[in-house]
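Those protein sequence lines, which keep their order, are chains A and B. According to the working numbering, the first sequence is numbered sequentially starting from 1. According to the working numbering, the second sequence is numbered sequentially starting from 483. All C-beta atoms in this analysis are idealised placements derived from N, C-alpha and C, irrespective of residue type, glycine included. Nothing here was measured: the structure is a model prediction, and the numbers come from that model. Report on the following structure.
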Amino acid sequence: MFRMKGWPVVFTLGSCVAMAGCGQRKVPEGKGKDKAAVPVPAITATAPSESKASNAAAAGVTLYSAKGSALVSEGGKFTVADKGASINPGTRVVSAGGAVLISNGVEVELLADLSGNDPMPVATSGLKVLKPSKPDIDFEFTIEPGRIDLENKKASGSAKVRVISPAGNSHDIELVNPGSRCTIESYGRFMPGTRFDPNATPETAARPIGRGALVVIKGEVNFSDHDSFLRMHEAPGRAMLTIDGSLGHEPVPTYLEKAPAWVFEDPKDPAVIKKQALINDLEAKLADKGDLEAVIDAYASSDDNTKRIVAVYLASAVDDIGRVFLTVALSKNPDVTDEAIVAIRHWLGSGPGRDRKFYEALIKGSPEMVAKTNGLVGKPFSEPQAIALIDLFFGFSDEQKVQPGTYKYLLKMLSNEKAAIRALASWYLNHMVPEGMRFGFNPTGSDEARNAAIKLWETRLTELKKLPVAPVAPKLPAPKKP
Amino acid sequence: MLRGIRNLFTIGLLALVAGSVSAQFGGGTYGLTGGGMGMGGMGGMGYGGYFPGAYGGFMQGMASVTNANGQYQMQIQQARVEQQQAEQARYKSRLDWDKTRIEELNLRSQEATANREYRENIRDQSRQETLNWSRDNPPAHYIYEGVALNAIADQIKKTQLDSSMRGPQILIDQDILNRINVSDGTSTSASASLGVIKANGSLNWPVIMRSRDFEPIRKELDQQVAAAIRMVRSDSLEAEPYTKLQAETDKLQKYIDSMVGDLRPDDYIRANRFATSLQKDVVLLGGDNAKKYFSGDYKLSGSSVGEVLENVFRSGLKFSAAGDADRQAYNAFYNALLQYDAGLQQLAGPAKPAAPGKGPAFLPEP
């Protein structure tokens, strides 16, 4: 019913995460008109020379890291990429911020929101490098959730980038002049109220909705897809376009007086400084150990809340969703649980077919996790439990949210035998009735503590008339005896 | 008799007073027993009395009595004056109090008017908001709960009364109308009309409850509901079968709750809604108007939207909530109603905007 028409991306979610981490650079005003005159400060220290870039273009795509490390996968597990490594078509690249790819004079930087100003939950960014489908295309990739900056680094002429949405729709972005720069963001979600069908085929299965945005930061950019062509210009001007898969796939251009605040980040912002330090630390650890899972585990068990949240998003970005799910089921920190739930919702929505994979993993279970967590999680879910869990991850529609039955269902799910279902039920109740957060329901808490919190929830929901009320029937007179 | 005693008492009193009065003049003693005529003491200027002896004393006493009587009369008079003054003061005070009271009542009346106007404004705004929501792509539950249908129908009624115009002819199928629930207008809530029990006595079971798990309780309820409806139609619903039916609906609710772990969220919500709706329907079966639900009194009729609305307005019916199986019909009827409303607006011209809301001039009544 719902098709991913455009790019995946964000705007709607009230649950936009103030995410935890990752590289970004500020582009000063007036920079980038011509390449020779305007170097890119953030990458000059490690940037390859132009000749190197040109050579790399001949070979394919070269990755080098400006601030953050890149994680790459050619189908198997993600590994930490070496700086300057050559990336083959078909490789997925994920970064917690700052990784840069260069091909044919187009620089592609994978960013994350450090300041928390971005309306989208951009914790990590990713793409899949593709072989250009036409000779005049300088760089082609399938976009994954996150934010990617594109810049024309050629000495002269335009640069053309083809961006493929997870649903397979292609969009051409032409960076008209050297120095032209734009940013694209993408995100996908299943529509709330969607029902997961375990028996559906890929053709009949419900698909996530994609949403995307493009903002011209510098110069001119032409956007085209199969039936649109839009000339865009840096602000003031027609600087932004959005695509909302739930409203159709037509790009909607918007005039901007100035670029939105989230496009540039202030390096003096304490939030940016803190998160940048964390990114540097992550990069150092990845460079040192080279073992992604060990780094994620170290971060996940850190005392620092931000690090734990980074671990959640990093694990989600590299498809280690089992590890994220473990966090949902076991974390004693409500903030981290919240982020883990959001991360899974976005992971499910970032491409078709992921819900099916998740379902299969749930009913199969994980003996490794069972052993690791002393039987707390990892046991297989029954089919109804797995279906209910995925439906819960998809969320409730507006209509369902006003049904007393929804609150009753969630209240009952607080006592479910599966900690993950309890956590999700609590998450929804807290979002729908925020005052309930003070009841302190902890899905991994003791039975007594949970029952006490459930009692409080029940009382409050009854007071708020959120639960169904059985009507009082009239008393009929008894039949007269003959 | 009393008067004699009073006079004697007065004389005695005056005699005592006289003694003390005489001393004030500094003369000799003129008591009835004094006897002597002398000039009295040298110290004073007084003559010691005009009538010497017992007679003089008698006369003196009589004068004193007269004098005291005068004083008494004066005191009485004074007391009356004072009483009058007090009466006047009290009267004035009463007038003042009444005035205050009147002012207070006026104030309260103004307060009440202001509050009423405020409430009316709020109500108008709320009504206008609901209407705007209803007309412009409302959330689905607005349509399925009858809110949007009632809001648009009310506006159509108002516009037709104001302009004496009718909207365009929008044909509507009776099959759709059969699925639109209406009630007597005393309430527009879901409890005001039968939701899951249809006029033919059958139950609209949601798909999830047509499974084998629900079969025994489903069959039992089908039978009991059908029997109850037969009794309602013949005005012979008795307490015992009715109580059994109530118990069975409670059993259904408990059964659904026991299955919560095996049902997906949407299925549980639907099943729960069905059970709650059935409980409400069963309550209606025991009510005074129960028979009307099956006699066709609460049924929409008409070949066009205009005709349907005329019938609705005439009989004072209100749209109420849809059962799960009626949603398509509700969407279709909503679209037809919207079309009629748009056509009517075009013919009658734009409606007057609602008065801007103003805050209460006074504190609301407790």
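If only uninterrupted alpha helix (DSSP H) runs of at least 4 residues are considered, those enclosed by the region 754-796 of chain B are 772-777. Bounds of any alpha helix (DSSP H) do not take in residue 141 of chain A; it lies within the beta strand (DSSP E) bounded by 139-143.
When secondary structure is reduced to three states using DSSP, residue 91 of chain A falls in the coil class, being assigned neither helix nor strand.
The three-state secondary structure of residue 105 of chain A, taken from DSSP, is coil.
For residue 218 of chain A, no alpha helix (DSSP H) segment is defined; the enclosing uninterrupted segment is the beta strand (DSSP E) at 209-218. Three or more Cβ pairs closer than 8 angstroms define a contact, and the region 777-793 of chain B falls short of that threshold against the region 421-428 of chain A. Taking the CA atoms as reference points, residue 227 of chain A sits about 43 angstroms from residue 385 of chain A. One Cα belongs to residue 185 of chain A, the other to residue 147 of chain A, and the distance between them is close to 4 angstroms.
Residue 162 of chain A has A:140 and A:172 as its beta-bridge partners, per DSSP.
The C-beta distance from residue 612 of chain B to residue 629 of chain B rounds to 7 angstroms, short enough to fall under 8 angstroms. Between residue 141 of chain A and the set A:149, A:135 and A:131, the nearest pair of CA atoms involves A:131. Residue 118 of chain A is positioned such that its CB atom lies no closer than 8 angstroms to that of residue 347 of chain A. By the neighbour-count criterion, in which a residue is buried when 16 or more other Cβ atoms sit within 10 angstroms of its Cβ, residue 209 of chain A is buried.
Nearest to residue 369 of chain A by alpha-carbon distance, out of A:363, A:362 and A:377, is A:377. Per DSSP, reduced to three states, the secondary structure at residue 803 of chain B is coil, with no helix or strand assignment.
In this model, residue 643 of chain B and residue 627 of chain B are separated by some 26 angstroms (Cα to Cα).
Using a C-beta cut-off of 8 angstroms, the region 79-99 of chain A makes no contact with the region 162-179 of chain A, since fewer than three inter-stretch Cβ pairs fall below that distance. Comparing alpha-carbon positions, the option among A:101, A:73 and A:108 lying closest to residue 83 of chain A turns out to be A:101. Around the CB of residue 816 of chain B, 16 or more other CB atoms lie within 10 Å, so the residue is classed as buried. A contact between stretches requires three or more CB pairs, one per stretch, nearer than 8 angstroms, and the region 714-723 of chain B fails this requirement with the region 739-753 of chain B. Distances from the alpha-carbon of residue 77 of chain A to those of A:112, A:320, A:107 and A:191 put A:320 closest. Under a 10 Å Cβ-count criterion, residue 306 of chain A is classified as buried, with 16 or more other Cβ atoms of the shown protein chains found around its own Cβ. Shown here, residue 703 of chain B sits in a helix according to DSSP, grouped into three states. If the five residues before and after residue 704 of chain B are omitted, its C-beta is found closer than 8 angstroms to the C-beta atoms of 684 and 685, all from its own chain and listed in chain order. For residue 178 of chain A, the number of other beta carbons within 10 angstroms of its own is at least 16, and it is reported as buried.
Taking all protein chains in view, the Cβ of residue 169 of chain A is crowded by 16 or more other Cβ atoms within 10 Å, so the residue is classified as buried. Rounded to the nearest angstrom, the Cβ distance from residue 96 of chain A to residue 342 of chain A is 16 angstroms, too far for a contact under 8 angstroms. Among the residues of the region 769-802 of chain B, those with a Cβ less than 8 angstroms away from any Cβ of chain A are 769, in the order of the chain.
For the set A:69, A:359, A:267 and A:161, the Cα lying nearest the Cα of residue 106 of chain A is the one of A:161. Excluding five sequence positions before and after residue 429 of chain A, the CB atoms of its chain that fall closer than 7 angstroms to its own CB belong to 410, 436 and 457, given in chain order. Nearest CB-CB separation between residue 742 of chain B and chain A: below the 8 angstroms threshold. Here residue 124 of chain A is buried: its Cβ has 16 or more other Cβ atoms, across all protein chains shown, within 10 Å. In summary, residue 151 of chain A is buried, with 16 or more beta-carbon neighbours lying within 10 Å of its beta-carbon over all protein chains present. Residue 195 of chain A belongs to the set of residues whose beta carbon lies under 8 angstroms from a beta carbon in chain B. With respect to residue 236 of chain A, residue 218 of chain A sits apart: the two C-beta atoms are not nearer than 8 angstroms.
In this chain, residue 397 of chain A is not harboured by any beta strand (DSSP E), its DSSP state being neither H nor E.
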